[in-house]
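Using my numbering, you'd call the opening residue of the sequence shown number 5 and step up by one each time.
Everything on this sheet refers to the single structure shown next.
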Amino acid sequence: MNDLRFLVLGALLLLFLVLAGQCRTDHPSSASDYLNLEPGVAYVGMETCRSCHPNVYQSFIQTGMGRSFGPGNRQKSAATTEAHALVYDEQKNFYYHPFFRDSQLYILEFRLENGDTVHRRLERVDYIVGSGQHTNSHIVDFGGYIYQAPITFYTQDGRWDLAPGFQDGGNLRFSR
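Right, dumping it as C-alpha coordinates:
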(Lines of atoms letter the chains of each structure in order from A and count residues from 1; the text may use other names and numbers.)
(Lines give C-alpha, C1' and ligand atoms only; values in the text may rest on other atoms or scores of the structure.)
Protein backbone atom coordinates (compact mmCIF):
# COMPACT_ATOMS: atom_id res chain seq x y z
CA MET A 1 0.00 0.00 0.00
CA ASN A 2 2.85 2.38 0.84
CA ASP A 3 4.46 1.68 -2.52
CA LEU A 4 1.23 2.47 -4.32
CA ARG A 5 0.84 5.71 -2.35
CA PHE A 6 4.39 6.81 -3.29
CA LEU A 7 3.75 5.87 -6.89
CA VAL A 8 0.52 7.93 -7.03
CA LEU A 9 2.15 10.89 -5.25
CA GLY A 10 5.12 10.69 -7.61
CA ALA A 11 2.83 10.58 -10.66
CA LEU A 12 0.81 13.56 -9.37
CA LEU A 13 4.00 15.51 -8.68
CA LEU A 14 5.30 14.73 -12.16
CA LEU A 15 1.96 15.75 -13.70
CA PHE A 16 2.00 19.00 -11.70
CA LEU A 17 5.54 19.83 -12.84
CA VAL A 18 4.68 19.13 -16.49
CA LEU A 19 1.56 21.31 -16.30
CA ALA A 20 3.39 24.10 -14.46
CA GLY A 21 6.11 24.03 -17.10
CA GLN A 22 3.50 24.40 -19.85
CA CYS A 23 1.99 27.47 -18.18
CA ARG A 24 5.28 29.32 -18.32
CA THR A 25 5.61 31.23 -21.57
CA ASP A 26 8.56 33.25 -22.71
CA HIS A 27 7.46 36.59 -24.03
CA PRO A 28 9.94 38.01 -26.46
CA SER A 29 11.02 41.45 -25.37
CA SER A 30 8.86 43.91 -27.21
CA ALA A 31 10.29 46.92 -28.95
CA SER A 32 10.32 49.98 -26.75
CA ASP A 33 7.44 52.39 -26.96
CA TYR A 34 10.06 55.13 -27.04
CA LEU A 35 12.05 55.50 -30.23
CA ASN A 36 14.88 57.51 -28.72
CA LEU A 37 16.43 54.79 -26.56
CA GLU A 38 18.62 53.18 -29.20
CA PRO A 39 22.40 53.74 -28.88
CA GLY A 40 22.67 55.62 -32.20
CA VAL A 41 19.94 58.13 -31.43
CA ALA A 42 21.09 61.73 -30.98
CA TYR A 43 19.45 65.06 -30.21
CA VAL A 44 18.11 66.64 -33.39
CA GLY A 45 17.06 70.04 -32.05
CA MET A 46 13.69 71.71 -32.10
CA GLU A 47 14.13 73.03 -35.65
CA THR A 48 13.75 69.47 -36.94
CA CYS A 49 10.27 69.28 -35.42
CA ARG A 50 9.18 72.59 -36.90
CA SER A 51 8.24 71.29 -40.37
CA CYS A 52 5.76 68.68 -39.10
CA HIS A 53 4.54 70.47 -35.98
CA PRO A 54 4.60 74.23 -36.73
CA ASN A 55 1.87 75.12 -34.23
CA VAL A 56 3.59 73.26 -31.37
CA TYR A 57 6.94 74.79 -32.35
CA GLN A 58 5.56 78.35 -32.40
CA SER A 59 3.86 77.86 -29.06
CA PHE A 60 6.97 76.33 -27.45
CA ILE A 61 9.40 79.06 -28.49
CA GLN A 62 7.18 81.65 -26.81
CA THR A 63 7.46 79.95 -23.42
CA GLY A 64 10.21 80.54 -20.89
CA MET A 65 11.32 76.92 -21.29
CA GLY A 66 11.60 77.38 -25.03
CA ARG A 67 13.93 80.32 -24.49
CA SER A 68 15.92 78.86 -21.61
CA PHE A 69 19.20 77.96 -23.32
CA GLY A 70 21.23 79.75 -25.93
CA PRO A 71 24.56 81.22 -26.95
CA GLY A 72 26.40 83.65 -24.67
CA ASN A 73 25.63 86.73 -26.71
CA ARG A 74 23.82 90.04 -26.35
CA GLN A 75 20.73 88.77 -28.18
CA LYS A 76 20.18 85.93 -25.67
CA SER A 77 21.15 87.91 -22.58
CA ALA A 78 18.67 89.88 -20.49
CA ALA A 79 21.57 91.46 -18.60
CA THR A 80 22.76 95.02 -18.44
CA THR A 81 26.51 95.53 -18.42
CA GLU A 82 27.18 99.14 -17.59
CA ALA A 83 30.60 100.12 -16.26
CA HIS A 84 29.26 99.79 -12.71
CA ALA A 85 28.24 96.14 -13.26
CA LEU A 86 30.65 94.71 -10.73
CA VAL A 87 30.20 91.82 -8.29
CA TYR A 88 32.47 91.42 -5.29
CA ASP A 89 32.90 88.15 -3.38
CA GLU A 90 33.98 89.17 0.13
CA GLN A 91 34.75 85.58 1.17
CA LYS A 92 37.19 84.86 -1.67
CA ASN A 93 38.24 88.45 -2.40
CA PHE A 94 37.45 88.29 -6.13
CA TYR A 95 35.74 90.88 -8.29
CA TYR A 96 33.70 89.97 -11.36
CA HIS A 97 33.01 92.38 -14.19
CA PRO A 98 30.66 91.19 -16.96
CA PHE A 99 30.85 93.00 -20.30
CA PHE A 100 30.15 92.58 -23.99
CA ARG A 101 32.86 92.69 -26.61
CA ASP A 102 31.11 93.03 -29.95
CA SER A 103 28.06 90.92 -29.14
CA GLN A 104 29.86 88.23 -27.10
CA LEU A 105 29.56 88.20 -23.29
CA TYR A 106 32.74 87.96 -21.18
CA ILE A 107 33.41 87.87 -17.45
CA LEU A 108 36.58 89.40 -16.06
CA GLU A 109 37.64 87.97 -12.70
CA PHE A 110 40.24 89.98 -10.80
CA ARG A 111 41.71 90.54 -7.36
CA LEU A 112 43.08 93.77 -5.93
CA GLU A 113 45.70 94.26 -3.22
CA ASN A 114 46.43 97.81 -2.11
CA GLY A 115 44.77 99.11 -5.27
CA ASP A 116 46.92 96.99 -7.59
CA THR A 117 45.57 94.17 -9.73
CA VAL A 118 47.32 90.99 -8.59
CA HIS A 119 45.12 88.50 -10.43
CA ARG A 120 43.27 88.76 -13.73
CA ARG A 121 41.30 86.09 -15.59
CA LEU A 122 39.08 86.66 -18.60
CA GLU A 123 36.51 84.04 -19.61
CA ARG A 124 34.18 84.01 -22.58
CA VAL A 125 30.59 83.02 -21.75
CA ASP A 126 29.64 80.26 -24.18
CA TYR A 127 26.05 79.66 -23.10
CA ILE A 128 23.30 81.40 -21.19
CA VAL A 129 20.79 79.39 -19.17
CA GLY A 130 17.46 80.93 -18.26
CA SER A 131 14.77 82.66 -20.25
CA GLY A 132 15.50 86.01 -18.66
CA GLN A 133 12.13 86.09 -16.93
CA HIS A 134 13.87 85.54 -13.60
CA THR A 135 17.59 85.03 -14.18
CA ASN A 136 20.35 84.42 -16.68
CA SER A 137 23.07 82.07 -15.52
CA HIS A 138 26.26 81.70 -17.49
CA ILE A 139 28.17 78.67 -18.73
CA VAL A 140 31.76 78.42 -19.95
CA ASP A 141 33.07 75.59 -22.11
CA PHE A 142 36.59 74.32 -21.45
CA GLY A 143 37.45 71.70 -24.06
CA GLY A 144 33.97 70.19 -24.22
CA TYR A 145 33.39 70.33 -20.45
CA ILE A 146 30.92 72.94 -19.28
CA TYR A 147 31.04 74.85 -16.01
CA GLN A 148 28.83 77.44 -14.37
CA ALA A 149 30.28 80.92 -14.13
CA PRO A 150 30.28 82.43 -10.63
CA ILE A 151 27.86 85.28 -11.39
CA THR A 152 24.20 85.44 -12.43
CA PHE A 153 22.04 88.27 -13.68
CA TYR A 154 18.84 88.58 -11.62
CA THR A 155 16.41 90.01 -14.15
CA GLN A 156 13.59 91.00 -11.82
CA ASP A 157 16.00 92.96 -9.61
CA GLY A 158 18.03 94.24 -12.57
CA ARG A 159 21.32 93.32 -10.89
CA TRP A 160 24.35 91.05 -11.12
CA ASP A 161 25.33 88.96 -8.09
CA LEU A 162 27.00 85.71 -7.17
CA ALA A 163 25.17 82.70 -8.58
CA PRO A 164 23.15 80.48 -6.23
CA GLY A 165 25.52 78.18 -4.37
CA PHE A 166 28.49 80.49 -4.91
CA GLN A 167 27.66 82.74 -1.93
CA ASP A 168 28.96 82.42 1.61
CA GLY A 169 32.34 80.95 0.69
CA GLY A 170 30.97 78.48 -1.88
CA ASN A 171 32.54 80.24 -4.86
CA LEU A 172 34.30 77.59 -6.93
CA ARG A 173 35.00 80.24 -9.55
CA PHE A 174 34.85 78.71 -13.04
CA SER A 175 35.14 75.06 -11.95
CA ARG A 176 31.63 74.08 -10.86
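In this text, a Cβ means the ideal position worked out from N, Cα and C, and glycines have one as well.
> Who pairs with isoleucine 155 in a beta bridge, going by DSSP?
Replying inline: Reading the sequence shown from its first residue, position 151 is the one you call residue 155. DSSP output for isoleucine 155 lists Leu166 as bridge partner(s).
> Which one or two residues does DSSP pair with asparagine 140 in a beta bridge?
Replying inline: What you label residue 140 is simply residue 136 of the sequence shown in a count that begins at 1. Partner(s): Phe157.
> When burial is assigned at 16 or more other CB atoms within 10 Å of the CB, is alanine 24 buried or exposed?
Replying inline: On the sequence shown, residue 24 is found 20 positions in, with the first residue counted as 1. Counting Cβ neighbours within 10 Å, alanine 24 comes out exposed, since fewer than 16 surround it.
> Applying the criterion that 16 or more other CB atoms from any shown protein chain within 10 Å of the CB defines a buried residue, is glutamate 117 buried or exposed?
Replying inline: Numbered from its first residue, the sequence shown carries residue 117 at position 113. Glutamate 117 is exposed by the Cβ-count criterion.
> In chain order, what residues of the same chain have a beta carbon less than 7 Å from the beta carbon of leucine 166, not counting five sequence neighbours either side?
Replying inline: For the purposes of this step, residue 166 is taken as residue 162 along the sequence shown, with counting starting at 1. Excluding its 5 nearest sequence neighbours in each direction, leucine 166 has C-beta neighbours in its own chain below 7 Å: Val91, Asp93, Pro154, Ile155 and Asn175, listed in chain order.
> Grouping DSSP H, G and I as helix and E and B as strand, with all else coil, what is leucine 109?
Replying inline: Locating residue 109 in the sequence shown gives position 105, where the first residue counts as 1. Per DSSP, reduced to three states, the secondary structure at leucine 109 is strand.
> How many whole angstroms separate the CB atoms of isoleucine 143 and tyrosine 151, which I take to be in contact at a CB cut-off of 8 Å?
Replying inline: Translated into the one-based positions of the sequence shown, residue 143 becomes position 139. Translated into the one-based positions of the sequence shown, residue 151 becomes position 147. Going by Cβ atoms, the distance from isoleucine 143 to tyrosine 151 rounds to 7 Å, so yes, they are a contact pair.
> Among Arg180, Tyr99, Asp145 and Ser107, which residue has its Cα nearest to the Cα of threonine 84?
Replying inline: One-based indexing of the sequence shown puts residue 84 at position 80. Taking only the C-alpha atoms, the option nearest threonine 84 is Ser107.
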